[in-house]
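Asker: Mind having a look at this structure? Questions to follow.
Numbering (this note's numbering), first residue to last: 2 to 569.
Structure (structure tokens):
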């Protein structure tokens with residue numbers, strides 16, 4: 002397992018996170034040194050005649066600037082681990098700084114002697130118990146030495162009180178720190194157990210897992226990710242990795258980019274891994290995690306796996322369904338052909354007897370011609386249905402496609418004069434890739450059906466809009482979003498008992514209908530990797546064709562509220 006930030010092991014002692022406390026130490030140290038220096042120069046008039054105190058204040062201020070600057074660079078810019086040596090050095094310097102402040106402000110009678118307490122308490126939290134007591138002892142030594150050094154302030158009982166307070170603070174802080182460490186060990190043990198369980202799962206899972214931040218740096222990769230990608234990811238931990246992955250699995254990188262760019266919590270896609278000597282399909286699921294707004298806290302995790310077996314099974318399933326469909330279609334076609342052939346045969350048998358008058362003969366001849374035409378039309382429509390395929394793929398503006406179909410429907414002789422047809426398409430790009438003629442046929446079939454079933458004075462609407470998230474959840478073909486093309490009528494609605502058979506070939510409820518119109522709609526949508534939705538009630542019906550949007554034209558997804566039934 003590869004991690005940018007390694008988890009804490011169970012045998013390492015528990016420590017509080019020192020970084021926030023150390024930052025406050027920097028701020029407090031700089032503030033105190035600055036205040037004393039400014040006061041020595043501008044406020045304390047006697048300090049102007051006491052060059053010794055002014056010199057001490059100046060040296061303390063300069064030393065504080067230097068030490069704090071070096072410490073900030075070490076801990077913040079270089080990000081080095083803050084070990085015991087660092088904390089010992091910081092505590093010793095702070096003790097000398099406080100001693101300088103106390104010396105300038107009155108030695109043992111100084112009100113700033115309480116600053117020793119802050120240094121001792123902070124050291125007890127950051128250092129082991131012995132380290133905190135050692136810092137307290139050094140503080141006592143410095144305080145006593147300053148009191149003895151000062152000529153103006155005698156060594157009185159006040160000093161002993163201060164020393165007792167320092168010792169009490171050191172012991173109390175050490176006890177509190179020990180209790181925190183003891184409580185932390187139990188929590189750390191539980192966390193370590195959880196980490197080990199998660200690590201074991203991620204290490205042995207049969208899916209590749211990678212996690213990157215908003216800048217494309219690799220934060221995590223499990224062994225299966227390396228195996229699937231055929232790439233050693235160790236050198237990329239903590240470094241940009243997406244360009245290296247793009248040469249091997251471009252769809253995987255595109256899915257990660259989309260998830261990070263659009264902040265989609267969960268998304269699915271499919272792609273191909275092309276490594277040396279091998280090429281296989283993969284399924285990808287990405288999960289986006291929002292941090293506190295910084296790029297390093299925003300991450301996307303991609304889980305991917307080899308779906309070659311699923312693809313083979315899917316191919317076999319589709320082949321079996323296709324053969325089953327051919328069998329059903331053949332039976333339906335045979336049934337449709339049987340009746341006209343029976344009529345033609347009967348007419349021919351009667352004509353062969355030559356016992357009819359001219360009028361009867363003309364009637365039988367007309368019957369033969371009519372049934373022959375019916376057979377010809379049936380076979381032509383069947384061949385059109387069988388040849389439904391994408392002859393060429395080109396960018397198609399769905400709004401223009403809808404407008405053209407509406408103009409044709411308005412001029413169609415089967416449209417009642419009092420039924421209006423309107424097209425509603427907002428401004429924007431609604432581009433898909435496919436066969437313009439095939440999609441036009443599918444849309445016009447829906448439009449013509451809607452016009453024919455609409456009630457008197459009714460209206461048929463063609464709507465073009467962005468597909469909703471709910472509609473896009475039906476499959477992985479919509480990685481770039483989708484376009485929804487709807488035909489809405491004001492007819493009587495579709496009865497529940499026939500909804501499941503609407504797209505079956507040769508099923509029709511219209512007198513004289515072939516039953517292939519909606520079957521063509523379904524097949525045309527299917528070969529464009531789309532889906533057909535049906536939403537109907539007692540009055541009115543909405544057919545919606547959802548097609549994958551052409552790459553690089555995807556807008557933000559909109560939330561859908563429809564309770565439509567998907568037909569696939």
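Cβ atoms here follow ideal geometry from the backbone N, Cα and C, with glycine treated the same way.
1) Which same chain residues end up closer than 8 Å to residue 363 when comparing Cβ atoms and leaving out the 5 residues on each side of it in sequence?
2) Contact check, residue 525 vs residue 490 under 8 Å by CB: the rounded distance?
3) Tell me which same chain residues have a C-beta within less than 7 Å of the C-beta of residue 86, skipping the five on either side of it?
4) By the three-class DSSP mapping on this structure, what secondary structure does residue 305 have?
5) What is the DSSP secondary structure of residue 396, reduced to helix, strand or coil?
6) If you run the structure through DSSP and keep just helix, strand and coil, what is residue 79?
7) To the nearest angstrom, report how far apart residue 418 and residue 459 are at their CA atoms.
8) Exposed or buried, what is residue 372 when buried is set at 16 or more other beta-carbons lying within 10 Å of its beta-carbon?
9) Which first and last residues belong to the beta strand (DSSP E) in which residue 211 is found?
10) So, helix, strand or coil for residue 274, using DSSP?
11) Quick check: what's the CA-CA separation for residue 66 versus residue 31?
12) Would you list the one or two residues that DSSP bridges to residue 487?
13) Can you tell me whether DSSP reads residue 534 as helix, strand or coil?
14) Going by other Cβ atoms of all chains shown within 10 Å of its Cβ, with 16 needed for buried, is residue 125 buried or exposed?
15) Candidates 237, 274, 218: which alpha carbon is nearest residue 230's?
16) Whole angstroms is fine: what's the gap from residue 574's alpha carbon to residue 398's?
17) In whole angstroms, what is the alpha-carbon distance linking residue 139 and residue 78?
18) Give the straight-line distance between the Cα atoms of residue 305 and residue 205, rounded to the nearest whole angstrom.
19) Alpha carbon to alpha carbon, what distance is there between residue 272 and residue 250?
20) Alpha carbon to alpha carbon, how far is residue 481 from residue 549?
21) Taking the alpha-carbon positions, what's the residue 101 to residue 26 distance?
22) Quick check: the Cα distance between residue 391 and residue 522, rounded to an integer number of angstroms?
23) Please report the Cβ distance between residue 487 and residue 530, rounded to the nearest whole angstrom; I am assuming they are in contact, meaning their Cβ atoms lie under 8 Å.
24) Just to confirm before moving on: does the CB-CB distance between residue 299 and residue 214 stay below 8 Å?
25) Among all the DSSP beta bridges, which residues are the ones paired with residue 285?
26) Assign residue 21 to buried or exposed, taking buried as 16 or more other Cβ atoms, counted over all protein chains shown, within 10 Å of its Cβ.
27) Taking the DSSP output, what are the residues bridged to residue 421?
28) Sorted by chain position, which residues of the same chain lie with C-beta nearer than 6 Å to residue 485's C-beta, five sequence neighbours on each side aside?
29) Following the continuous beta strand (DSSP E) through residue 222, name the residue where it begins and the one where it ends.
30) Does DSSP put residue 19 in a helix, in a strand, or in coil?
31) Can the beta-carbon of residue 76 be found closer than 8 Å to that of residue 120?
32) Taking the alpha-carbon of residue 519 as reference, which of 445, 39, 541, 129 has the nearest alpha-carbon?
Answerer: This is what the structure holds:
1) By 1-based counting over the chain shown, the position of residue 363 is 362. Correct list: empty, nothing qualifies.
2) Stepping through the chain shown from its first residue, residue 525 is reached at position 524. Stepping through the chain shown from its first residue, residue 490 is reached at position 489. So it is not a contact: roughly 20 Å between Cβ atoms.
3) Counted from its first residue, the chain shown places residue 86 at position 85. Nothing listed; no residue qualifies.
4) Here residue 305 corresponds to residue number 304 of the chain shown, with the count starting at 1. Here residue 305 sits in strand by DSSP.
5) What you label residue 396 is simply residue 395 of the chain shown in a count that begins at 1. The answer is strand: DSSP assigns residue 396 an E or B state.
6) Residue mapping note: residue 79 aligns to position 78 of the chain shown, counting from 1. Correct three-state label for residue 79: coil.
7) Position 417 of the chain shown, counted from the start, is the residue given in the question as residue 418. Position 458 of the chain shown, counted from the start, is the residue given in the question as residue 459. Rounded to whole angstroms, residue 418 to residue 459 spans 10 Å at the Cα level.
8) Within the chain shown, residue 372 is the residue found at index 371, counting from 1. Looking at its Cβ environment, which holds 16 or more other Cβ atoms inside 10 Å, residue 372 is buried.
9) In the chain shown, residue 211 corresponds to position 210, counting from 1. That run of the beta strand (DSSP E) goes 209-214.
10) Taking the first residue of the chain shown as position 1, residue 274 is located at position 273. Residue 274 falls in the strand class under three-state DSSP.
11) Taking the chain shown and counting its residues from 1, one reaches residue 66 at position 65. Taking the chain shown and counting its residues from 1, one reaches residue 31 at position 30. In a straight line, the C-alpha of residue 66 is about 7 Å away from that of residue 31.
12) Here residue 487 refers to the residue found at position 486 of the chain shown. DSSP, once it has assigned bridges, lists 464, 545 as partnering residue 487.
13) As a first step, residue 534 must be located in the chain shown, where it is residue number 533. If DSSP states are grouped into helix, strand and coil, residue 534 belongs with the strands.
14) Indexing the chain shown from 1 puts residue 125 at position 124. The residue is buried, with at least 16 neighbouring Cβ atoms inside 10 Å.
15) Within the chain shown, numbered from 1, the residue matching residue 230 stands at position 229. It is 274.
16) An answer regarding residue 574 cannot be provided, because it is not within the stretch 2 to 569 covered by the chain.
17) Taking the first residue of the chain shown as 1, we reach residue 139 at position 138. Taking the first residue of the chain shown as 1, we reach residue 78 at position 77. Approximately 31 Å between the Cα atoms of the pair.
18) Looking up residue 305 in the chain shown gives position 304. Looking up residue 205 in the chain shown gives position 204. The straight-line gap from Cα to Cα measures roughly 14 Å.
19) Reading the chain shown from its first residue, position 249 is the one you call residue 250. Reading the chain shown from its first residue, position 271 is the one you call residue 272. The straight-line gap from Cα to Cα measures roughly 7 Å.
20) Position 480 of the chain shown holds residue 481. Position 548 of the chain shown holds residue 549. Distance between the alpha carbons of residue 481 and residue 549: 7 Å.
21) The residue labelled residue 101 in the question sits at position 100 within the chain shown. The residue labelled residue 26 in the question sits at position 25 within the chain shown. Roughly 17 Å between the two C-alpha positions.
22) Numbered from its first residue, the chain shown carries residue 391 at position 390. Numbered from its first residue, the chain shown carries residue 522 at position 521. C-alpha separation (whole angstroms): 13 Å.
23) For the purposes of this step, residue 487 is taken as residue 486 along the chain shown, with counting starting at 1. For the purposes of this step, residue 530 is taken as residue 529 along the chain shown, with counting starting at 1. About 18 Å separates the two Cβ atoms, so there is no contact after all.
24) As a first step, residue 299 is located in the chain shown; it is residue number 298 there, counting from the start. As a first step, residue 214 is located in the chain shown; it is residue number 213 there, counting from the start. Closer than 8 Å, so yes.
25) The count along the chain shown starts at 1 and reaches residue 285 at position 284. According to DSSP, which records beta bridges pairwise, residue 285 is partnered with 270, 305.
26) On the chain shown, residue 21 is found 20 positions in, with the first residue counted as 1. The residue is exposed, with fewer than 16 neighbouring Cβ atoms inside 10 Å.
27) By 1-based counting over the chain shown, the position of residue 421 is 420. DSSP lists 460 as partners of residue 421.
28) Residue numbering aside, residue 485 sits at position 484 when the chain shown is read from its first letter. If we look at residue 485 and ignore the five residues flanking it on each side, its Cβ neighbours are 466, 468, 545, 547.
29) Translated into the one-based positions of the chain shown, residue 222 becomes position 221. 219-222 is the extent of the beta strand (DSSP E) around residue 222.
30) Within the chain shown, the letter at position 18 stands for residue 19. Coil, per DSSP.
31) Taking the first residue of the chain shown as position 1, residue 76 is located at position 75. Taking the first residue of the chain shown as position 1, residue 120 is located at position 119. Contact: no.
32) Sequence index remark: in the chain shown, residue 519 carries index 518 (1-based). When each option's Cα is compared against that of residue 519, the closest is 445.
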